[in-house]
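Undergrad:
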Amino acid sequence: MTNVSEPQGNALTLEQAFEQGVSLYQHQKKEEAREVFEQILQLAPDAVPVLQVLAVLDVEKGNWQEALSKLDKALTIEPGDGSLLFDKAQILLQQGINKEALEIVDSLLSVAPEHQDLLTMRQQLTAAIGNVGESRRTAKYQANVQSQTANAIDAEVQETLTLADKFFAEGNKEQAKQLYQAVISVAGDEPKALLGLAKLQLGDENFGLARQTLRRAFDAEHSDNEFFILLSHCEIKLGEYKAARDICRQGLKHWPDNSLLCRLLVQSYEKDANWLEAYRIALEFSRQHPNDADLRYRLATASFNLLRSRHNFTTAAILDCQKHIETASGLAKEENQQRLSLYLAEVLWYKGEALASKALLENHMQAFPDDIEAGFNACFVYRTLEEWENYYRTNELGLACGRRLRYQGALPQWNLARPKDDIVLVMPEQGVGDEILYFHNLKLVLENSKKVYVACDPRLEPILSRAFPEAIIVPIKRIDHQDIDIPKAVMDDITSWVAGGSLAAMCYQTYGRHVYQAAYIDLSQAVSEHWQSHLDAIREAHPNKQLIGLCWRSGLAAATRNIHYLIAEEVAHLVKQFPNATFINLQYGDCTKELKKIAKRAGVDVLQLEGLNLRDDFEGTAAVIKHLDAVITAGTAVHRLTTAVGTPCHVFFAGQKDSDYSKPQPLYCDNEFGYFYPPMLENKYPLLESIVRQIQKS
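Start counting the sequence shown at 709; every next residue gets the next number (my numbering).
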């Protein structure tokens, strides 16, 4: 086309001018658009597209004749143009010139007999001229054409889907993706195409996009079960566990026997670490699908994690867990069988079957030597069996897997071969009781290095500052599942570090014993005298009686009849066996109800010392323990504090199934005696009577 000259001197082609006019029209600037089109028409009077657009603008303003005039002029230039004829027929129809319009429509239908808009117009025109029969025939023909067209499209869609599915199955994912997208562009939100596309997106681990794709066609009442399965899978992968559960439950209303939905519902609780619900749901579904290997595996996993996370170490819970593990192992694939064997090894250790546990763990370690977490688990079994070389070797693996200590320093780890001018940081690990234990070996570091920082629980700072004045105490408040945060000034000063629990291994390897120094706590005179006066008053009120401290469980909410602890009835039995003793409460945490029950059953009170904070005041508690005749305790921080003070400590432990609790075993420190009993022991009364006899002999 020729160029159009503008006032500014810029050249604009007629095509560009036409596009500008169209743009103005689309932006509702119709008068400006008309001006542009009319200017074009002045330069190119035979421009058919311009005549047609101006005709449309005339119609919009009701200028019917002007519109027809422009279309007729365009038809003289391009007499057979179907678009022009269609526009003219529409204007004639609106003007009521029906016969002439019908002639045009029929001529166009001879070329395009299935054109839906032409058929609609013919139905209207024949009805308008009174030919009702012809109008009905046209409507019927149009309906048939629509049906055939829809069937043809459906057939083409199904053929395309079949081919796409074939490509998908053969691994030709890009071709499959293109076909699924082609179907969606033609047929809209076709569920099968969206499902296939979502599967491809899941294969690429694009879970967010897959969820969006599935949601486009998801209907809680009518969707295929694959939508429920894949959508809940996406929600789990995206961490939306509640949403996943809602979808699973909706799906199970329609397909209550669908095992995949059952598995996903259990998995949503597993990912949430809600082991109680995971166990409850898995147990229900395993009864429904007794031979489903995955559900059985998930039931065993939930049972195991429920056991250890809630410290639910009861005989019934242990046996129940063992049963679920063994049932699952009979159905599981090899990979899951390995994991289940580790579960079983730990459960057997709880039961006191340490040798069987050791065999399972060593078989696993031989097959998977790089599984350091399993190696660390073995250390507990080696400790039970008193295989000390193996114990200390595998205990160090707890550092590598982060189970003992959440800290990875760039500096070297300290040992006795390090230079004597090292500046060392002793790191805390595990619980406060473990810290008290490894301070028995702190002198090893102090005597073999230039300067020592000791990170510890803030509650232990007063004790350590007095016991080891040459050390620099760094109180650290630790948060579960977070790395230890050591002050920068300390980190900038040190040249090496050591985990506190590693000191015992050095002591054992060098001196053949587990602790370098027995009692190490040095009480302040004021604190010691304060609590001694309290205890002296009790001795005066209870002449000729031993004062014995008593702690029967950890501070955790212990399960009823936990294998590691005592319940109130058992404590009452212990108290009754020792009429020549007065018992002092060392049980930290809320134990008011238990003390009342003990008093009711035993007929005497376990005395509580007013003003003593057993949870947080370790120096005051140590002073009380120092002035007692003995302490009877479970394996808690009270046990460790008693040995660090040097007071005779009688501690009961779940050991092996053939453990003999009638013979106390000397432990690490002076005046430390262990009473090991079979973990599944139902009646602990003989154990308690044995402890009483030993104390009365001393």
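Just so it is clear, CB atoms sit at the ideal spot from N, CA and C, and this is done for glycine as well.
V1314 and L1258 look like a contact to me (Cβ under 8 angstroms); what is the Cβ gap, rounded to whole Å?
TA: 6 angstroms
Undergrad: Within the continuous beta strand (DSSP E) that includes N982, where are the two ends?
TA: DSSP places N982 in no beta strand (DSSP E); its state is neither H nor E.
Undergrad: Would you grab the beta carbon distance between L704 and L939 for me? Rounded to a whole angstrom, and I think it's under 8 angstroms.
TA: Given that the chain is displayed from residue 709 to residue 1406, the structure contains no residue 704 and the question cannot be resolved.
Undergrad: Could you check which residue in E822, H823 and S843 has the C-alpha nearest to that of Q832?
TA: When only C-alpha atoms are compared, the closest one is S843.
Undergrad: Using three-state DSSP, classify T1341 as helix, strand or coil.
TA: strand
Undergrad: G1141 to A906, Cα distance in whole Å?
TA: 53 angstroms
Undergrad: Should P1136 be labelled buried (16 or more other beta-carbon atoms within 10 Å of its own) or exposed?
TA: Around the C-beta of P1136, 16 or more other C-beta atoms lie within 10 Å, and the residue is accordingly described as buried.
Undergrad: Measuring CA to CA, which of A1175, I1184, P1386 and L1154 is closest to R1167?
TA: Of A1175, I1184, P1386 and L1154, the residue nearest in Cα terms is I1184.
Undergrad: According to the Cβ coordinates, are S795 and L779 closer than 7 angstroms?
TA: One point to set straight first is that residue 795 is Asp, not Ser, in the sequence displayed. Yes, these two residues count as a Cβ contact at 7 angstroms.
Undergrad: If you compare alpha carbons, which of P1386, C1029, R1004 and A1331 is closest to R1016?
TA: C1029
Undergrad: Could you check what DSSP says for L1389 in three-state terms: helix, strand or coil?
TA: coil
Undergrad: How many angstroms separate the CA atom of K900 from the CA atom of G947?
TA: Answer to the nearest angstrom: the Cα atoms are 26 angstroms apart.
Undergrad: With a 10 Å radius around its C-beta and 16 neighbouring C-beta atoms as the bar for buried, classify A1234 as buried or exposed.
TA: exposed
Undergrad: Taking DSSP as the reference, what is the three-state secondary structure of S1367?
TA: coil
Undergrad: List the endpoints of the continuous alpha helix (DSSP H) containing H735.
TA: From DSSP, H735 is part of no alpha helix (DSSP H); its letter is neither H nor E.
Undergrad: Measuring only the C-alpha atoms, how far is L800 from P787?
TA: 17 angstroms
Undergrad: Around the C-beta of V840, are 16 or more other C-beta atoms found within 10 angstroms, so that it is buried, or is it exposed?
TA: Its Cβ having fewer than 16 others within 10 Å, V840 is exposed.
Undergrad: With a floor of 3 residues, list each beta strand (DSSP E) that falls wholly inside the region 1235-1265, ordered by position along the chain.
TA: 1254-1259
Undergrad: Out of A1082, G1354 and S1406, which one is the CA nearest neighbour of V1108?
TA: Rather than Val, the amino acid found at residue 1108 in this sequence is Ala. The shortest C-alpha separation from A1108 is found at A1082.
Undergrad: Using 7 angstroms as the threshold, is the C-beta distance between K1059 and I1026 below it?
TA: yes
Undergrad: Ends of the alpha helix (DSSP H) at A812?
TA: This sequence places Ile at residue 812; Ala is not what is there. First-last of the alpha helix (DSSP H) with I812: N806 to V819.
Undergrad: Is the beta carbon of D1130 less than 7 angstroms from the beta carbon of T1203?
TA: yes
Undergrad: Under 8 angstroms, with one C-beta from each stretch per pair, do the region 1327-1346 and the region 1293-1303 reach the 3-pair mark?
TA: yes
Undergrad: If we count the other Cβ atoms within 10 Å of its Cβ and call it buried at 16 or more, is D1201 buried or exposed?
TA: exposed
Undergrad: Just checking my contact of V1132 with A1163 at CB under 8 angstroms: how many whole Å lie between their CB atoms?
TA: With a Cβ gap of about 11 angstroms, V1132 and A1163 do not count as contacting.
Undergrad: Locate the beta strand (DSSP E) running through S1204, then write down its first and last residues.
TA: S1204 to A1207
Undergrad: Suppose the cutoff is 7 angstroms on Cβ atoms and the five residues either side in sequence are ignored; what does the same chain contact list for E1390 look like?
TA: Excluding residues within five positions, the ones whose Cβ falls inside 7 angstroms are T1023.
Undergrad: Since Q1364 and T1092 should fall inside the 8 angstroms C-beta cutoff, what is the C-beta to C-beta distance between them, to a whole number of angstroms?
TA: Confirmed, about 6 angstroms.
Undergrad: In this structure, does DSSP put K1159 in helix, strand or coil?
TA: K1159 falls in the strand class under three-state DSSP.
Undergrad: Are the region 999-1016 and the region 955-972 in contact at 8 angstroms, needing three or more beta carbon pairs?
TA: yes
Undergrad: For Q1410, count neighbouring C-beta atoms within 10 Å of its own C-beta (all shown protein chains included) and say buried if the count is 16 or more, exposed if not.
TA: Within the shown structure, residues of the chain are numbered from 709 to 1406, placing residue 1410 beyond reach of any answer.
Undergrad: Let me make sure I understand the geometry here. Which of A725, L765 and L732 has the alpha-carbon closest to that of A752?
TA: A725
Undergrad: Pairing CB atoms from the region 1371-1385 with CB atoms from the region 1344-1354, are three or more of them under 8 angstroms?
TA: Contact between the region 1371-1385 and the region 1344-1354 is present, because at least three Cβ pairs lie under 8 angstroms.
Undergrad: Quick one, are the C-beta atoms of I1271 and P1387 less than 7 angstroms apart?
TA: yes
Undergrad: Looking at A1053: is its Cβ nearer than 7 angstroms to the Cβ of S1065?
TA: In this structure, A1053 sits near S1065, with a CB-CB distance shorter than 7 angstroms.
Undergrad: Should G1038 go down as buried or exposed, given a rule of 16 or more other Cβ atoms within 10 Å for buried?
TA: exposed
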